[in-house]
Every structure is written in C-alpha cells, then in structure tokens.
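Q:
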Amino acid sequence: MINRLVIASNNSAKTREIVAVFATFGMTAVNYRELMPEKTFPAETTDDQFENALVKARFIQQFLPDEFILADDTGAFFAAFPDKFGLTIARDFKAMGFQSMQEEDAYLLGLYQPGMDRGAYLAALFVLLTPTGAVYQSTGRGGVTLALAPRGTYSAGFDTLFEAENGLTLAEMPMAERVHYSHRGRAAKQLLEKIGHVF
43 MINRLVIASN NSAKTREIVA VFATFGMTAV NYRELMPEKT FPAETTDDQF ENALVKARFI
103 QQFLPDEFIL ADDTGAFFAA FPDKFGLTIA RDFKAMGFQS MQEEDAYLLG LYQPGMDRGA
163 YLAALFVLLT PTGAVYQSTG RGGVTLALAP RGTYSAGFDT LFEAENGLTL AEMPMAERVH
223 YSHRGRAAKQ LLEKIGHVF
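First residue of the sequence shown? That's 43 in my numbering, and the numbers climb one at a time after it.
1) Return the Cβ separation of R226 and E59 in integer angstroms, given the expectation that the two are a contact with Cβ distance under 8 Å.
2) Please work out which residues of its chain come closer than 7 Å, Cβ to Cβ, to K236, disregarding the five sequence neighbours upstream and downstream, and give them in chain order.
3) Inspect the beta-carbon positions of L234 and F67 and report whether they are closer than 7 Å.
4) Can you tell me the Cα-Cα spacing of D36 and G157, whole angstroms?
5) Could you name the residues of the same chain whose beta carbon sits closer than 6 Å to that of I49, not counting the 5 residues immediately before and after it, in chain order?
6) Roughly how far, in whole angstroms, is the beta-carbon of A198 from the beta-carbon of M143, given that I think they are within contact range, below 8 Å?
7) Would you list the one or two residues that DSSP bridges to F123?
8) Whose CA, out of E207, F83, V221 and V186, lies closest to the CA of Y196?
9) Looking at the secondary structure, which residues open and close the beta strand (DSSP E) in which N208 lies?
10) On the premise that L153 lies in contact with F123, defined as a C-beta separation below 8 Å, what is that separation, rounded to the nearest angstrom?
11) How would you label R133, buried or exposed, when you count the other beta carbons within 10 angstroms and need 16 or more for buried?
12) Could you compute how far the alpha carbon of N94 sits from the alpha carbon of I102?
13) Short check: CB of T116 to CB of A166, under 7 Å?
14) Between A229, P173, F168 and E219, which lies nearest to N45 when the distance is taken from Cα to Cα?
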C-alpha cells in the first residue's frame, strides 16, 4: 500500500499542480522539501524525457530510500516550430529572462502569424521509484491547439493557451474536469492504473 508519493522537484508551482492532480485521484503527494532540506539537482539532458525524470527521482531516493519517489519531465511541442522548445522550453524561457508567465505567454503568441499551424500539445512523463528499486513510468499529452489569446482562470501559464479536445483551454476547466484532458492528469491516471494491481 502506498501511503504517499514524494515529489522530486524544487519547482513549487509544478509541485502544487502535481499534488492537486493526484489528490483528484485519491492519492496523497508531498514535496521532498517537506521531509528534508532543499537539494540542488543534477543538470538535465535536453532530449531524453525518461532519463531527465529518472535522474531527479534517483537523486532524491538516495536521501529518502523508504519513500515512493515521483519525478516528472514536461515539454511543450508546436507544429509550427518543430525545432524549437520541446523538453527545453522552461530552460529556454529562463535564459530569455522573462519575469512572469504572462511574458512567456505573450512571447509565444507573438511568434505566430495568421495562417500558421497552431497544432500544439504539452507532454508529461512521470517516473515512480519504489523502495524496492522498481521503476514505473507513464506519459500523457494535453492540448491539441494553441489558442489565439489566454483564456481561463482555474490555472495559469501554459494552461491558459492550450486548448483541449473539448474546445476549452486547460485553464477553463476546474481540476476535476481538467485531469481528464491535461498532460499531467492523463499521465497520473496511467501511472496509478499501472501500480494499482501491484500495491
């Protein structure tokens, strides 16, 4: 029986999202910083989503070997810009010096000209390490189109830009609905289904 998941991340906004997603499915998750002092993670690669998440999870597991450690790696992919962003979008935007999610959104929208393909999606990958050393992974995609302008107030950032199959942006849906359309919601559901028959 898994009592809780311990999230291997120093990103507080990401942690809040992951905690809320898993809570919707009845699973408790906490950030590792609630159990120990903050650590500096090893550098990520650029092109291997599984490896990025696995490195984060294994790094924290060495300090908390009796916990179920959860790590994720997320990317944003755009049909109009196949060679830009992807898994490195957070690092790319940080290097550009944006001061807010609104600045990031405005920059992204400004790249588009009329008639350009607005196909786009967010991709999440979760890795779960168990105390016995087993490794589970799951993936999920959220969003199919980039909106013309930010919409929605249930969440922020990219959620206001990515429209799902139902025509709403992720930020226009409350969490109970969003988990069925969002990248992390779909990845979490898949992960819990994988481990449900084991623990």
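Using N, Cα and C, we set each Cβ at its ideal position, and we do this for glycine too. As the structure is a computational prediction, the values presented were derived from the model and not from experiment.
A: This is what the structure gives:
1) The sequence position of residue 226 within the sequence shown is 184, counting from 1. The sequence position of residue 59 within the sequence shown is 17, counting from 1. That pair is a contact at about 6 Å.
2) Position 194 of the sequence shown, counted from the start, is the residue given in the question as residue 236. These residues qualify, in order along the chain: Y178 and S180.
3) Numbered from its first residue, the sequence shown carries residue 234 at position 192. Numbered from its first residue, the sequence shown carries residue 67 at position 25. A contact, by the Cβ cut-off of 7 Å.
4) Any answer about residue 36 is impossible in this case: the structure gives the chain only from 43 up to 241.
5) Position 7 of the sequence shown, counting from 1, holds the residue named residue 49. Excluding residues within five positions, the ones whose Cβ falls inside 6 Å are T57, I60, A71, N73 and L112.
6) For the purposes of this step, residue 198 is taken as the residue at position 156 of the sequence shown. For the purposes of this step, residue 143 is taken as the residue at position 101 of the sequence shown. Right, their Cβ atoms sit about 6 Å apart.
7) Your numbering for residue 123 matches position 81 in the sequence shown. Its beta-bridge partners do not exist; DSSP assigns none.
8) To locate residue 196, count along the sequence shown from 1; it is residue 154. Of the candidates E207, F83, V221 and V186, the one whose C-alpha sits nearest the C-alpha of Y196 is V221.
9) Taking the sequence shown and counting its residues from 1, one reaches residue 208 at position 166. That residue, N208, is in no beta strand (DSSP E); it is neither H nor E in DSSP.
10) Taking the first residue of the sequence shown as position 1, residue 123 is located at position 81. Taking the first residue of the sequence shown as position 1, residue 153 is located at position 111. F123 to L153, Cβ: 7 Å. Contact.
11) The sequence position of residue 133 within the sequence shown is 91, counting from 1. When all chains shown are included, R133 counts as exposed.
12) By one-based count along the sequence shown, residue 94 stands at place 52. By one-based count along the sequence shown, residue 102 stands at place 60. Going by the C-alpha atoms only, they are around 13 Å apart.
13) For the purposes of this step, residue 116 is taken as residue 74 along the sequence shown, with counting starting at 1. For the purposes of this step, residue 166 is taken as residue 124 along the sequence shown, with counting starting at 1. Going by C-beta atoms, T116 is nearer than 7 Å to A166.
14) Here the question's residue 45 lines up with position 3 in the sequence shown. Ranking A229, P173, F168 and E219 by Cα distance to N45 puts P173 first.
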